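K.L.:
Chain order of the listed sequences is A and B.
Quick note on the working numbering: the first sequence kicks off at 3 and runs consecutively.
Quick note on the working numbering: the second sequence kicks off at 3 and runs consecutively.
Protein chains: 2
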Amino acid sequence: MTIKDLAAKTGYAVGTVSRVLNNHPNVSEKARAAILAAVEESGFQLNQNAKQLKQSHATSILVILKGSGNILFAEMLEVIQTSLHGTRYPLHVDYLHGADNEVRRARQLIREKNALGVIFLGGNLENFQSDFADLGVPAVLVTNSAESLGFDNLSSVYIDDHAAARQAVEALIAMGHKNFAVIGGHRLYSDISRMRWEGVVEAMTAAGLTIDPELDYATVYFSPDGGYQGTMELLQRDRHFTALFTMSDLMAIGAFRALEDHNLEVPGDVSVIGYDNLSVGEFLIPRLTSVDQPTEAMARRSLQLLLDAIENGATAKHEAVPFTLVFRESTGKVKE
Amino acid sequence: MTIKDLAAKTGYAVGTVSRVLNNHPNVSEKARAAILAAVEESGFQLNQNAKQLKQSHATSILVILKGSGNILFAEMLEVIQTSLHGTRYPLHVDYLHGADNEVRRARQLIREKNALGVIFLGGNLENFQSDFADLGVPAVLVTNSAESLGFDNLSSVYIDDHAAARQAVEALIAMGHKNFAVIGGHRLYSDISRMRWEGVVEAMTAAGLTIDPELDYATVYFSPDGGYQGTMELLQRDRHFTALFTMSDLMAIGAFRALEDHNLEVPGDVSVIGYDNLSVGEFLIPRLTSVDQPTEAMARRSLQLLLDAIENGATAKHEAVPFTLVFRESTGKVKE
DNA sequence: GCATATTTTGGAAACGATTCCAATTTCCTT
DNA sequence: AAGGAAATTGGAATCGTTTCCAAAATATGC
Chain A
3 MTIKDLAAKT GYAVGTVSRV LNNHPNVSEK ARAAILAAVE ESGFQLNQNA KQLKQSHATS
63 ILVILKGSGN ILFAEMLEVI QTSLHGTRYP LHVDYLHGAD NEVRRARQLI REKNALGVIF
123 LGGNLENFQS DFADLGVPAV LVTNSAESLG FDNLSSVYID DHAAARQAVE ALIAMGHKNF
183 AVIGGHRLYS DISRMRWEGV VEAMTAAGLT IDPELDYATV YFSPDGGYQG TMELLQRDRH
243 FTALFTMSDL MAIGAFRALE DHNLEVPGDV SVIGYDNLSV GEFLIPRLTS VDQPTEAMAR
303 RSLQLLLDAI ENGATAKHEA VPFTLVFRES TGKVKE
Chain B
3 MTIKDLAAKT GYAVGTVSRV LNNHPNVSEK ARAAILAAVE ESGFQLNQNA KQLKQSHATS
63 ILVILKGSGN ILFAEMLEVI QTSLHGTRYP LHVDYLHGAD NEVRRARQLI REKNALGVIF
123 LGGNLENFQS DFADLGVPAV LVTNSAESLG FDNLSSVYID DHAAARQAVE ALIAMGHKNF
183 AVIGGHRLYS DISRMRWEGV VEAMTAAGLT IDPELDYATV YFSPDGGYQG TMELLQRDRH
243 FTALFTMSDL MAIGAFRALE DHNLEVPGDV SVIGYDNLSV GEFLIPRLTS VDQPTEAMAR
303 RSLQLLLDAI ENGATAKHEA VPFTLVFRES TGKVKE
């Protein structure tokens with residue numbers, strides 16, 4: 003069933019059918035009604051390939067996720083997907099694995115899928131820096147600030163990781179903690195890991211504390227297993243610490259386990275703070291203190307920035323959305 | 003940069019360029035080399051819209067996920083995505099929300115995206131039964147057996163939920179448990195919930211046990227919060243039970259919390275068994291006993307079935323992939 | 001009712017690829 | 001070296017839309 007068939011069926015010309023389908027003015031009520039009825043009856047669906055070929059200008063939006071296991075990104079994707087539903091922007095999603103370079107892939111997909119813009123869910127500044135000559139379309143990097151890059155069509159939406167980590171550690175210091183241990187991603191390859199770590203160090207320095215080099219820090223994956231391994235490693239170094247900063251809630255779950263295996267109590271012996279505020283944190287034993295990433299707000303904002311750039315040519319913006327610290331049971335005053 | 007430009011640039015005709023691009027035989031090495039070089043140099047990318055329009059036969063594969071929060075499905079999607087990479091099948095992913103009807107949506111997307119086949123990650127038999135006149139393309143339903151439907155282009159890949167639940171409960175009975183409580187999804191709307199529940203009842207009946215109607219069962223969402231609410235509700239009914247069967251690990255986490263809030267120990271007072279065997283289960287305190295769903299195997303198998311149907315016209319198959327029960331610390335002998 | 005302005009309609013060209021047929025070139029064979 | 005078979009190439013037709021221009025129909029003003 004093509005537009006031509008519809009034309010034949012209704013006695014109108016293809017041009018008229020097309021106009022009806024695209025809500026052009028200048029088509030009589032009679033024709034519109036007749037054609038719409040025929041569409042309804044035949045279950046006609048436009049061939050998007052033909053449409054997009056003709057209006058050679060791009061129409062779709064691309065979302066590129068780093069890894070598919072990340073629940074936060076999955077949630078953001080869902081928000082984006084839902085928001086785009088029923089708009090004139092088809093959505094293409096692509097997942098990057100391991101060491102794939104997001105920028106290079108983006109470039110390929112932009113041409114291939116004829117994209118108007120890209121949202122990167124995850125991704126490292128480094129790759130953008132070295133490979134980002136020009137994507138040719140507006141882009142938004144989520145979860146990382148791209149302000150330092152100064153590209154004028156790359157926006158970013160993020161929480162201020164630096165401040166979040168600092169405030170979290172400040173709160174722990176206020177509870178009497180002096181000895182901190184940290185586990186997170188590789189600071190060289192993961193920008194968010196580096197920023198969070200800097201926040202930790204900054205808070206400690208401001209309080210006149212220094213971080214024991216032996217406890218600073220364990221590099222692991224953002225997973226329960228990573229958290230477990232990292233905590234075990236720190237524990238084996240046999241230095242006293244009363245507070246453990248982990249860079250994700252999933253890591254924190256692994257950390258809980260490792261501490262338990264060493265007969266250490268949370269928060270009695272060690273306070274643990276996570277990051278992300280996954281819904282599961284509220285139900286853990288003990289309930290997990292965490293840095294809340296407002297996924298829905300971040301997703302909405304990133305899409306707004308992108309559409310604004312696409313539709314109105316807005317220039318790149320860099321927005322830190324507000325985060326909150328959620329204090330629960332896994333952190334507490336240090337034992338005397 | 004179009005194929006025509008390439009032709010002009012290299013002095014060959016568009017037909018020849020197209021043949022090179024598609025690895026047709028019958029093109030001289032000289033031409034191939036020259037054209038490939040020009041492609042390389044110009045960064046030419048094929049316009050997929052034009053390509054797919056012309057080869058009006060469909061080319062892409064569609065994956066439809068029920069909800070985006072499900073980690074198992076996300077993992078399966080990643081496997082499928084990776085497997086399809088570099089093949090001639092572009093992949094389209096769509097997420098369904100809440101009460102969306104997967105079959106109706108599939109039908110629309112198949113036309114729109116020109117799909118050769120569909121994989122449904124999640125989805126209820128009921129919808130297929132009532133709405134599935136004919137999708138027109140092969141499809142695979144994952145996580146549910148569609149055998150009973152008898153459609154000859156709808157395959158399915160699943161674990162035998164019935165048997166898994168039964169075996170799990172048998173094992174618990176062998177540990178001395180007699181009083182079971184169950185929480186899961188709505189048995190009317192969620193096929194897997196019904197099947198798992200039937201497995202539980204069957205095991206109990208076979209052992210001469212009956213399930214206390216008051217403990218059978220709480221209907222909740224497959225989330226930590228659902229597990230928490232459901233367990234609280236059962237606890238409030240004030241009937242003794244020593245084993246709790248939850249239909250997902252996430253639920254089990256919520257159950258842990260609810261039991262803790264009632265000062266009940268796991269497994270001392272109540273044994274808890276989850277479902278899915280998420281990676282997080284191994285690190286919980288106590289480590290969670292669970293039914294393992296082999297996500298990678300299921301994903302691979304579903305794709306194979308689909309491609310086999312697409313490429314070789316294979317008829318629908320219904321495959322139960324082997325599951326395993328993973329016994330950890332959250333289940334134990336019943337206290338005397 | 002007639003000339004003119006306006007709205008509606010028909011139909012051809014174009015988007016960028018594939019594919020088929022015919023034309024050309026190359027390669028064998030004798 | 002000539003003839004025919006095989007390999008390679010050129011170029012037109014085509015996919016299903018949109019969009020533009022011209023033609024037809026309708027509305028408006030006097």
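Note that the Cβ used here is the ideal one computed from N, Cα and C, for glycine as well.
Here the structure is a predicted model, which means the values were calculated and not measured.
Please identify the residue among B:Ala-148, B:Ala-33, B:Trp-199 whose C-alpha is closest to the C-alpha of B:Asn-126.
P.N.:
B:Ala-148
K.L.:
Which partner residues of B:His-94 appear in the DSSP bridge assignment?
P.N.:
B:Leu-64
K.L.:
Using a Cβ cut-off of 8 Å (strictly closer), state whether A:Thr-248 contacts chain B.
P.N.:
Answer no: the Cβ-Cβ gap between A:Thr-248 and chain B never drops below 8 Å.
K.L.:
Considering only C-alpha positions, which residue in the set A:Ser-158, A:Asp-133, A:Gln-57 is nearest to A:Arg-303?
P.N.:
A:Ser-158
K.L.:
Measuring CA to CA, which of B:Gly-17, B:Asn-49, B:Asn-265, B:Val-336 is closest to B:Met-177?
P.N.:
Of the listed residues, the one whose Cα sits closest to B:Met-177 is B:Val-336.
K.L.:
Can you have a look at A:Ser-195 and say buried or exposed, based on whether 16 or more other CB atoms are within 10 angstroms of its CB?
P.N.:
buried
K.L.:
Got a sec: is the Cβ-Cβ distance from A:Asn-279 to anything in chain B below 8 Å?
P.N.:
no
K.L.:
Which of the three DSSP states is assigned to B:Tyr-230 in this structure?
P.N.:
In this structure, B:Tyr-230 counts as helix in the three-state DSSP scheme.
K.L.:
In this structure, does DSSP put B:Ala-257 in helix, strand or coil?
P.N.:
helix
K.L.:
Between the Cα of A:Asn-181 and the Cα atoms of A:Ala-209, A:Val-139, A:Asp-163, A:Gln-54, which residue gives the shortest distance?
P.N.:
A:Ala-209
K.L.:
Within 10 angstroms of its Cβ, does B:Asn-28 collect 16 or more other Cβ (buried), or is it exposed?
P.N.:
exposed
K.L.:
In chain A, which residues lie less than 7 Å from B:Arg-113 when you measure between Cβ atoms?
P.N.:
The contact set of B:Arg-113 on chain A, defined by CB atoms closer than 7 Å, consists of Gln-47 in chain order.
K.L.:
Which chain B residues sit within Cβ distance under 7 Å of A:Asn-51?
P.N.:
Asn-51, Gln-54, Leu-55, Asn-116
K.L.:
Could you tell me whether the stretch 240-253 of chain A touches the stretch 265-272 of chain B, using the rule of 3 or more Cβ pairs below 8 Å?
P.N.:
No: the two stretches stay apart, fewer than three of their Cβ pairs being nearer than 8 Å.
K.L.:
Can you list the alpha helix (DSSP H) stretches of 4 or more residues lying completely in the stretch 169-241 of chain A, in chain order?
P.N.:
Runs of the alpha helix (DSSP H) lying entirely within the stretch 169-241 of chain A, each at least 4 residues long, are 193-208, 226-238 in chain order.
K.L.:
Is it true that the CB of B:Ile-312 sits closer than 8 Å to the CB of B:Gly-119?
P.N.:
yes
K.L.:
Using three-state DSSP, classify A:Ser-332 as helix, strand or coil.
P.N.:
Look at A:Ser-332 here: in three-state DSSP terms it is coil, with no helix or strand label.
K.L.:
Can you list, in chain order, the residues of its chain with a C-beta nearer than 7 Å to that of A:Ala-220? Leave out the 5 residues immediately preceding and following it.
P.N.:
Around A:Ala-220, the same chain offers Ile-185, Gly-232, Glu-235, Leu-236 as residues with beta carbons nearer than 7 Å, after the five sequence neighbours per side are excluded.
K.L.:
I'd like to know whether the C-beta of A:Gly-232 is nearer than 8 Å to at least one C-beta of chain B.
P.N.:
Not closer than 8 Å to any Cβ of chain B, the Cβ of A:Gly-232 fails to qualify, so no.
K.L.:
Using a Cβ cut-off of 9 Å, which residues of the stretch 196-224 of chain A contact any Cβ in chain B, in chain order?
P.N.:
none
K.L.:
Indicate whether B:Val-65 and B:Leu-74 have their beta-carbon atoms separated by less than 8 Å.
P.N.:
no
K.L.:
Rank B:Ala-318, B:Phe-329, B:Val-323, B:Ala-322 by C-alpha distance to the C-alpha of B:Gly-152 and give the top, closest one.
P.N.:
B:Ala-318
K.L.:
Report the neighbours of A:Leu-252 on chain B: residues whose CB is nearer than 8 Å to its CB, in chain order.
P.N.:
Val-282
K.L.:
Would you mind sorting A:Arg-106 into buried or exposed? The rule is 16 or more other CB atoms within 10 Å of its CB.
P.N.:
exposed
K.L.:
Taking C-alpha atoms, which residue in A:Phe-46, A:Ile-37, A:Leu-23, A:Ile-112 lies nearest to B:Asn-51?
P.N.:
Nearest of A:Phe-46, A:Ile-37, A:Leu-23, A:Ile-112 to B:Asn-51, Cα basis: A:Ile-112.
K.L.:
Please check the pair B:Asn-103 and B:Ser-62, which I expect to be a contact at CB under 8 Å, by giving their CB distance rounded to whole angstroms.
P.N.:
In fact, because the Cβ distance is near 21 Å, the residues do not count as touching under 8 Å.
K.L.:
Along the chain, where does the alpha helix (DSSP H) that runs through B:Glu-77 open and close?
P.N.:
Run containing B:Glu-77: 73-86, per the alpha helix (DSSP H) assignment.
K.L.:
Would you mind sorting A:Tyr-191 into buried or exposed? The rule is 16 or more other CB atoms within 10 Å of its CB.
P.N.:
exposed
K.L.:
Using only the heavy atoms of the ligand COA, determine whether one of them is closer than 7 Å to the beta carbon of B:Phe-46.
P.N.:
Because no ligand of any kind appears in the structure shown, any question about the ligand COA cannot be addressed here.
K.L.:
Relative to the C-alpha of B:Gly-315, which candidate in B:Thr-333, B:Val-22, B:Gln-306 has its C-alpha closest?
P.N.:
B:Gln-306
K.L.:
Do B:Leu-252 and B:Phe-224 have their C-beta atoms closer together than 8 Å?
P.N.:
yes
K.L.:
Looking only at its chain, what residues have a beta carbon closer than 7 Å to the beta carbon of B:Gln-131, apart from the 5 residues adjacent to it on each side?
P.N.:
Leu-151
K.L.:
Compute the beta-carbon to beta-carbon distance between A:Phe-285 and B:Pro-226, rounded to the nearest angstrom, for a pair I have assumed lies under 8 Å.
P.N.:
4 Å
K.L.:
Under a CB-based cut-off of 8 Å, is B:Thr-84 close to chain A?
P.N.:
yes
K.L.:
In whole angstroms, give me the CA-to-CA distance for A:Ala-301 and A:Val-81.
P.N.:
6 Å
K.L.:
So B:Pro-226 contacts chain A; which residues on that side make the cut at Cβ distance below 8 Å?
P.N.:
Ser-281, Val-282, Glu-284, Phe-285
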